[in-house]
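Numbering (our numbering), first residue to last: 3 to 414. We put the CB at the ideal spot given by N, CA and C, even for glycine. Predicted model only: the values in this text are computed from it and were never measured.
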């Protein structure tokens, strides 16, 4: 949140008589892929996906003069999608909005308001990329040590990589039923860090406690960890139906039990899981997605062999991309480090009640902030809200797969 300091704000450095340069990573690869297109319209009552869960297999063998077999019909269920409302909040002082900074007659930035509006929009996509990795429970981090302190420790695979300065967090027990406390991050977390500093102490009681954004418990969009699941990591209820009752609502999952990635696991997912459940597999539709840790593990298995024939007009010995059985390998730096996803993006859909935009009841992006001082109507600040009402879902998860609980190579 910028508060009028023109010289420096989070992620923005002032270069005298120059431009502002961002010094933090904002790639939102997975969410950008899932967000393609207008999406399926979604009402405030949700969206139903009529699903044929089983065909009509009633039949028999006739005898002369015998009875026809009893009739049957296809078995259907209705999967339900409901939207989640995401809001990113922007607040600036009136002086910051109205001031244009200059140094020696040269403007360092033409509009502090424009800078904050543009960054708020871009940052919100990055936040949605974080949530795109989860189950929908809103968890951003898991602590690794109990402490009653303004410094909390996250010494695990995900460390602090989903946390940012200015986030107002709530800390919970692992089941998210007991609230430990709330505080705002005052430090500037960087991926690989294991601690954050808070503006007030929180009594975290167990090494398995988790952190969500304030008001975000169980309110996030349905992410890949829930869509590509067989009940091993996410709730049994998926899109209002039980994956225990209907096993063909389950994606394909292989628990690697902390083993290193190998070709047998990759081949088993294709040949013994997805292909068996779907009856066939179109490799041209699939991509393998992982954090760089598993790309490194795949690379350590050896390069893909490329053959040439005597009729070749030229020989290219360089390798420009990773692939497995013709399926491209994509690196996503926000994915969990212990997994590889097998994704056919046509099986993951976006459902939209209200697309990205500013909340403008009076036609303006910003509105004055009411003052808490008696006799004063407004403070010298303005606030705006950027957001979307949407969710992700899948009409058929059988063709999606994951290898999870893989060993994470040292250094990642």
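Give the DSSP-derived three-state secondary structure of residue i in the structure shown.
i: residue 279; result: helix
i: residue 93; result: strand
i: residue 273; result: helix
i: residue 388; result: strand
i: residue 343; result: strand
i: residue 145; result: coil
i: residue 296; result: helix
i: residue 122; result: helix
i: residue 301; result: helix
i: residue 80; result: strand
i: residue 405; result: strand
i: residue 350; result: coil
i: residue 368; result: coil
i: residue 132; result: helix
i: residue 289; result: strand
i: residue 255; result: strand
i: residue 63; result: coil
i: residue 393; result: strand
i: residue 200; result: strand
i: residue 239; result: strand
i: residue 379; result: coil
i: residue 161; result: coil
i: residue 250; result: helix
i: residue 98; result: helix
i: residue 87; result: strand
i: residue 325; result: strand
i: residue 153; result: strand
Exposed or buried, what is residue i when buried is set at 16 or more other beta-carbons lying within 10 Å of its beta-carbon?
i: residue 71; result: exposed
i: residue 410; result: buried
i: residue 64; result: exposed
i: residue 376; result: exposed
i: residue 334; result: buried
i: residue 403; result: buried
i: residue 191; result: buried
i: residue 339; result: buried
i: residue 245; result: buried
i: residue 75; result: exposed
i: residue 273; result: exposed
i: residue 216; result: exposed
i: residue 364; result: exposed
i: residue 265; result: exposed
i: residue 301; result: exposed
i: residue 214; result: buried
i: residue 34; result: exposed
i: residue 57; result: exposed
Mind checking which residues open and close the alpha helix (DSSP H) that includes residue i?
i: residue 35; result: 31-36
i: residue 180; result: It is not in any alpha helix (DSSP H) - residue 180 carries neither H nor E in the DSSP assignment.
i: residue 226; result: 226-229
In the DSSP assignment, the beta strand (DSSP E) including residue i goes from what residue to what residue?
i: residue 329; result: 329-333
i: residue 174; result: 170-174
i: residue 187; result: Premise fails: residue 187 is in no beta strand (DSSP E) and is neither H nor E.
i: residue 49; result: 49-56
i: residue 215; result: 212-215
>> For the pair the stretch 136-145 and the stretch 161-180, tell me if three or more CB-CB distances fall below 8 Å.
In response: Taking 8 Å as the limit for Cβ pairs, the verdict is that the stretch 161-180 does touch the stretch 136-145.
> Three or more beta-carbon pairs under 8 Å between the stretch 191-200 and the stretch 132-141, yes or no?
Replying inline: Per the Cβ contact rule, the stretch 191-200 is not in contact with the stretch 132-141 (fewer than 3 Cβ pairs under 8 Å).
> At a cut of 8 Å, does the stretch 230-250 reach the stretch 146-153 through at least three beta carbon pairs?
Replying inline: These segments do not touch.
> Would you call the stretch 367-383 and the stretch 220-231 in contact, with 3 or more CB pairs under 8 Å?
Replying inline: No, the stretch 367-383 does not touch the stretch 220-231.
> Does the stretch 172-180 touch the stretch 125-137, meaning 3 or more C-beta pairs lie closer than 8 Å?
Replying inline: With a cut-off of 8 Å, the stretch 172-180 and the stretch 125-137 do not count as touching, because too few Cβ pairs lie within range.
> Would you say the stretch 362-370 touches the stretch 380-392, given that touching needs at least three Cβ pairs under 8 Å?
Replying inline: Output reads yes: the stretch 380-392 touches the stretch 362-370.
>> Is it the case that the stretch 246-264 contacts the stretch 389-406, given that we only count it when at least three CB pairs across the two stretches are under 8 Å?
In response: Yes, since at least three Cβ pairs between the stretch 389-406 and the stretch 246-264 fall closer than 8 Å, the two stretches touch.
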